[in-house]
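K.L.:
Chains as they are written, first to last, in our numbering: chain A, 1 to 224; chain B, 1001 to 1224.
Next up is a structure, given as structure tokens.
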DNA sequence: TATTTTATGATAGTATTACTATCATTTAAA
DNA sequence: TTTAAATGATAGTAATACTATCATAAAATA
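Okay, here's the thing in structure tokens:
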């Protein structure tokens, strides 16, 4: 017996809910593996279809195009992080402790968490790090935003900004700090791996503790 | 009579130096206009060629592909910012003042600066904001990095990190702070324009003063 | 000035991508 | 057991991202 969580997302992200069928879950599972391995530009629905022994046409029945699939994955990820944060901070009252747990949760989340059978959270984390920005850096941002397709990221930012304001109600930039923590985390993991001259932290054996410490340091300094 | 600066970049970025011929300068000029207007994914060499009354083949004689053209533009931009910073901080000895000028320079640089005839710096700034991340978020980062194709960004980060260390020699994250200032500047200008719920700042009439102030506040808090 | 090199234009062609359409077949629901 | 829904198989189209070839124009050099 097992309990699987199902993360529900804005239905503008897909044509048919992929989490409700075997094929749909395969699309999710293998798109994560392929994008992680070969990168988003190289990835396409033909290759994906081949990988899961299906057809291009069938994949297009679930997602309008690969951009929306990426957006789906990224939203799924942030929604999952929000869920983790919720669980991990439950019953914690001190906002400073809460914030510490929040940072831990999104930096090192994919490490030691059970999660969902058709989602490799660690690889999805890699995708968010390497390709996540592409999800909202398009000419269609405004249109997609008005449809609520960035909702998960926004509500996560909102949740974290609230805790930031609890720690220091006078702090003027709770949203900016919240998003900056996410972006910084992703950026510096990426830099450490690929452009080490752009950062001070280093990563060995997928241990992100230095990133965590840096974010703790930044928040502490900024919120005193 | 006029003096034009010429920014020289790693020659792995292009096949033939575009700044040395009329056609090359047209490629730079109109690629900036087209990418700014229609976005990077929609942009291609055929459309560009048509715009400048040339041919696709001719454009390909200057740049291997549109990704390298983008990388060229982004490097050009950072190199230009570095040049501005150099001039603006010349003869300034107080590192805190220097850092303030640096932030001013890269946030509001494209506003009131002369620049180069074939480059619309303000639109190029927009491109860096909206598409800049795509220049290094590819599967070829490592290879391109080893060829030095991110050199301009790195040397800018290096220069700024030095000033940060002058302000506070004990600060542990001079490189991370330097790059974070750039990324934050770009991100929050973008957020203010397209995803306002993700930031606290707002922008009216292309006035980035709130971004500047936020970055001043962050650096001050972090470096005391 | 003549000549040779170099840069650009004109045109064509190819493989891949990003889809859309149609029909047959399998699977699930009523 | 009939009907509906989901998937597979196959084909096709317009656009993209190039490469190749040859002609012509412009610039450099002898």
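C-beta atoms are modelled at their ideal positions from N, C-alpha and C, and glycine is treated no differently.
Counting only Cβ-Cβ distances shorter than 8 Å, please list the residues of the stretch 1182-1213 of chain B near chain A, keeping chain order.
P.N.:
1183, 1184, 1187, 1188, 1190, 1191, 1194, 1195, 1197, 1198, 1199, 1200 and 1201
K.L.:
Are the stretch 1152-1165 of chain B and the stretch 1072-1087 of chain B touching, with three or more C-beta to C-beta distances below 8 Å?
P.N.:
yes
K.L.:
Anyone know if the C-beta pair for residue 1189 of chain B and residue 1129 of chain B falls short of 8 Å?
P.N.:
A contact, by the Cβ cut-off of 8 Å.
K.L.:
Please name the residue in B:1068, B:1106, B:1077 and B:1134 whose C-alpha comes closest to that of residue 1116 of chain B.
P.N.:
B:1077
K.L.:
Quick one: residues in its chain with C-beta nearer than 8 Å to the C-beta of residue 1215 of chain B, no 5 flanking neighbours on either side, listed in chain order?
P.N.:
Within the same chain, residue 1215 of chain B has close Cβ partners 1103, 1107, 1181, 1184 and 1185.
K.L.:
Can you pull the chain B neighbours of residue 219 of chain A, defined as C-beta to C-beta under 9 Å?
P.N.:
Near residue 219 of chain A there are no residues of chain B at all, since even the closest Cβ is about 11 Å away, more than 9 Å.
K.L.:
Could you tell me how far apart the beta carbons of residue 1123 of chain B and residue 1032 of chain B are, in whole angstroms, since I believe they sit closer than 8 Å?
P.N.:
Contact between residue 1123 of chain B and residue 1032 of chain B is confirmed by a C-beta separation of about 5 Å, below the 8 Å threshold.
K.L.:
Quick one: using the 10 Å Cβ neighbour count with 16 as the cut-off for buried, is residue 1074 of chain B buried or exposed?
P.N.:
With 16 or more other Cβ atoms within 10 Å, it is buried.
K.L.:
At a CB-CB cut-off below 7 Å, which residues of chain A make contact with residue 1125 of chain B?
P.N.:
Here the premise fails: no neighbours, minimum Cβ distance about 15 Å.
K.L.:
Would DSSP call residue 29 of chain A helix, strand or coil?
P.N.:
helix
K.L.:
Under 8 Å, Cβ to Cβ, is there at least one residue of chain A near residue 1131 of chain B?
P.N.:
yes
K.L.:
With which residues is residue 1207 of chain B paired in a DSSP beta bridge?
P.N.:
B:1204
K.L.:
Any residues in the stretch 134-161 of chain A with a beta carbon nearer than 8 Å to a beta carbon of chain B? Which ones, in chain order?
P.N.:
134, 136, 137, 138, 139, 141, 142, 145, 150, 153, 154, 157 and 158
K.L.:
Any Cβ of chain B within less than 8 Å of the Cβ of residue 173 of chain A?
P.N.:
yes
K.L.:
Counting only runs of 4+ residues fully inside the stretch 1086-1125 of chain B, write out the alpha helix (DSSP H) ranges in chain order.
P.N.:
1095-1108
K.L.:
For residue 1001 of chain B and residue 1111 of chain B, what's the separation of their Cα atoms in angstroms?
P.N.:
Only weak support is given to the placement of residue 1001 of chain B: the predicted model assigns it a pLDDT of 41, under 50, and the question is left unresolved by the model.
K.L.:
Where does residue 190 of chain A fall in DSSP's three states?
P.N.:
helix
K.L.:
Could you check if residue 29 of chain A is buried or exposed, using at least 16 other CB atoms within 10 Å of its CB as the buried criterion?
P.N.:
buried
K.L.:
Return the Cβ separation of residue 1139 of chain B and residue 42 of chain A in integer angstroms, given the expectation that the two are a contact with Cβ distance under 8 Å.
P.N.:
6 Å
K.L.:
Note down, in chain order, each residue of its chain lying with its Cβ closer than 7 Å to the Cβ of residue 201 of chain A, except the 5 sequence neighbours on either side.
P.N.:
Only 188, 192, 210, 211 and 214 meet the Cβ criterion.
K.L.:
8 Å is my cut-off, CB to CB: does residue 1068 of chain B come that close to chain A?
P.N.:
no
K.L.:
For the structure I just gave you, are there three or more beta carbon pairs, one from the stretch 1060-1070 of chain B and one from the stretch 1005-1025 of chain B, closer than 8 Å?
P.N.:
yes
K.L.:
Output, in chain order, the set of chain B residues within a Cβ distance shorter than 8 Å of residue 38 of chain A.
P.N.:
1139
K.L.:
Interface residues of chain A around residue 1180 of chain B at Cβ under 7 Å?
P.N.:
Contacts between residue 1180 of chain B and chain A, judged by CB atoms closer than 7 Å, involve 184 in chain order.
K.L.:
Against chain B, which members of the stretch 40-60 of chain A pass a CB distance test of less than 9 Å?
P.N.:
40, 41 and 42
K.L.:
Just to confirm my understanding: we take residue 1096 of chain B, look at its own chain, exclude 5 residues before and 5 after, and list those with CB closer than 6 Å. What are they?
P.N.:
1167
K.L.:
Checking 8 Å against the spacing of the C-beta atoms, do residue 1125 of chain B and residue 142 of chain A come in under that value?
P.N.:
no
K.L.:
Suppose contacts are defined by Cβ-Cβ distances below 8 Å. Is residue 99 of chain A in contact with residue 163 of chain A by that definition?
P.N.:
yes
K.L.:
Considering residue 1143 of chain B, what are the terminal residues of the alpha helix (DSSP H) in which it resides?
P.N.:
1141-1146
K.L.:
DSSP three-state call for residue 137 of chain A: helix, strand or coil?
P.N.:
coil
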